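I have placed the structure first, in the form of structure tokens, so that the comments after it can refer back to it.
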Ligand code: MEV
């Protein structure tokens, strides 16, 4: 953060509320394999939102005090439970690096969210992005995208262990992203004649455990297991390349096959669950072109691809109803265009 990035308009006063936002994300393809340096494609779910608001509380910059009001906890941030340890660390770092140089003291944080937690929709990354944006605004500092990413990753690595960075990127961008660890990010407009239906199993996902288990398979002492896991990760990488081609050509049927094969491959890596399988089967039987889990798996959400070329788009409602009948707690529509 250079000095010329300090926003002069915000220097005079720190009264008032400073707000940052982020949104949910859906991984189209590439979850898990992205951890192992394969590409992934993610889409913004703009109908879900995370908002963080920061307001000065008058405590001194040398001994700042922070409080938080969110779904999990209300009170002094220092007393917050372990599932907020990522937020605690992030606030400590941001206060030290962004606020203190401006002579700013502590603040109260208010978090509101319509992104369901632990459902593979990126809620932990979104809370970090929203908070970073709010605190930077409070400090009168303009952060580059890379700086927002780096701070988000500090929080994500506490929440999930070895996070690939995909969620940190996808919750901060309002377009589709092609992401590969250590490579240049590609942001693109998706213009395909289809819609993804996103459905929540109602069961919490288990991203950290699932990521650990895939790693355990890859480094298994049983060579057969390790070889098969490596082949599965490679195949997910190839399927992601094929999905990008299908997206750019608008080939929805091809994309459906690709999603189905990705689901089989993720299942082989043990990250699906009976609840996910039930919704995926229901969507396919109701006419979806393809379906798979999205995010860390072991619960959380699944996606089903529905083409736009059916009269009156009734197929969307048919698949939605089938998902609900099979136990989906909630569904969202994510058009692959506009
Ligand atoms: C979680 O949303 C996606 C995973 O690939 C983990 C990661 O990318 O860090 C399972």
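In the numbering used here, the protein residues as written are 17 to 354. Using N, Cα and C, we set each Cβ at its ideal position, and we do this for glycine too. Here the structure is a predicted model, which is why all the values come from computation and not from measurement.
Sorted by chain position, which residues of the same chain lie with C-beta nearer than 6 Å to residue i's C-beta, five sequence neighbours on each side aside?
| i | result |
| --- | --- |
| residue 207 | 353 |
| residue 154 | 34, 70 |
| residue 331 | 303, 322 |
| residue 176 | 223, 224 |
| residue 111 | 80 |
Can residue i be considered in contact with the ligand MEV, in the sense that its beta carbon sits closer than 7 Å to one or more heavy atoms?
| i | result |
| --- | --- |
| residue 183 | yes |
| residue 39 | no |
| residue 179 | yes |
| residue 214 | no |
| residue 50 | yes |
| residue 47 | yes |
| residue 311 | yes |
| residue 69 | no |
| residue 35 | no |
| residue 168 | no |
| residue 223 | yes |
| residue 335 | no |
| residue 198 | no |
| residue 157 | no |
| residue 109 | no |
| residue 193 | no |
| residue 43 | yes |
| residue 203 | no |
| residue 227 | yes |
| residue 138 | yes |
Let's see if you can read the secondary structure: which residues bound the beta strand (DSSP E) around residue i?
| i | result |
| --- | --- |
| residue 113 | Taken as a continuous stretch (DSSP letters only), residue 113 belongs to no beta strand (DSSP E), as it is neither H nor E. |
| residue 71 | 56 to 72 |
| residue 31 | Note, residue 31: premise wrong, no beta strand (DSSP E); not H, not E. |
| residue 346 | 346 to 353 |
For residue i, which residues from the same chain have a beta carbon less than 7 Å from its beta carbon, with the 5 sequence-adjacent residues on both sides left out?
| i | result |
| --- | --- |
| residue 101 | 174 |
| residue 27 | Here residue 27 scores only 40 on pLDDT, less than 50, and its place in the model should not be relied on; the value that follows carries that caveat. Cβ within range, chain order: 156. |
| residue 24 | At residue 24 the pLDDT is 38, less than 50, meaning the model places this residue with poor confidence; the figure from the coordinates comes in the next sentence. Counting only Cβ-Cβ distances below 7 Å, and skipping sequence neighbours, we find nothing. |
| residue 325 | 209 |
| residue 123 | 70, 71, 72, 73, 82, 154 |
| residue 263 | 206, 208, 271 |
| residue 146 | 36, 37, 38, 66, 67, 68 |
| residue 285 | 48, 230, 233, 245, 248 |
| residue 350 | 42, 59, 61, 211, 212, 214 |
Which stretch, first to last residue, makes up the alpha helix (DSSP H) that contains residue i?
| i | result |
| --- | --- |
| residue 264 | 239 to 265 |
| residue 193 | Careful: residue 193 lies outside any alpha helix (DSSP H), inside the beta strand (DSSP E) at 192 to 195. |
| residue 334 | 330 to 341 |
Got a sec? Which residues, its chain only, sit under 8 Å from residue i by beta carbon, not counting five neighbours each side?
| i | result |
| --- | --- |
| residue 234 | 52, 242, 245, 246, 249 |
| residue 308 | 45, 275, 276, 278, 279, 282, 296, 318, 319 |
| residue 337 | 302 |
| residue 20 | Note that residue 20 has pLDDT 38, beneath the 50 cutoff, so the model's placement of it is unreliable and no number is given. |
| residue 253 | 46, 49, 54, 55 |
Consider the C-beta atom of residue i and the heavy atoms of the ligand GTP; say whether any pair is separated by less than 7 Å.
| i | result |
| --- | --- |
| residue 176 | You won't find the ligand GTP in this model; what it holds is the ligand MEV. |
Between residue i and chain E, is any beta-carbon pair separated by less than 8 Å?
| i | result |
| --- | --- |
| residue 203 | Absent from the structure is chain E; it holds one protein chain and no more. |
(request) Go through the region 149 to 177 residue by residue and report every complete run of the beta strand (DSSP E) that reaches 3 residues or more, in order. (result) Here no run is fully enclosed.
(request) Could you tell me which uninterrupted alpha helix (DSSP H) segments, each at least 4 residues in length, are contained entirely in the region 279 to 324, listed from first to last along the chain? (result) Counting only runs of 4+ residues, the alpha helix (DSSP H) found wholly inside the region 279 to 324 occupies 290 to 301, in chain order.
(request) Please go through the region 81 to 146 and give each complete beta strand (DSSP E) segment of 3 or more residues, from N-terminal end onward. (result) Fully enclosed beta strand (DSSP E) runs of 3 or longer: 82 to 85, 90 to 92, 123 to 129.
(request) With a floor of 3 residues, list each beta strand (DSSP E) that falls wholly inside the region 182 to 227, ordered by position along the chain. (result) DSSP assignment within the region 182 to 227 yields the following whole beta strand (DSSP E) runs of 3 residues or more, N-terminal first: 192 to 195, 202 to 204, 207 to 216.
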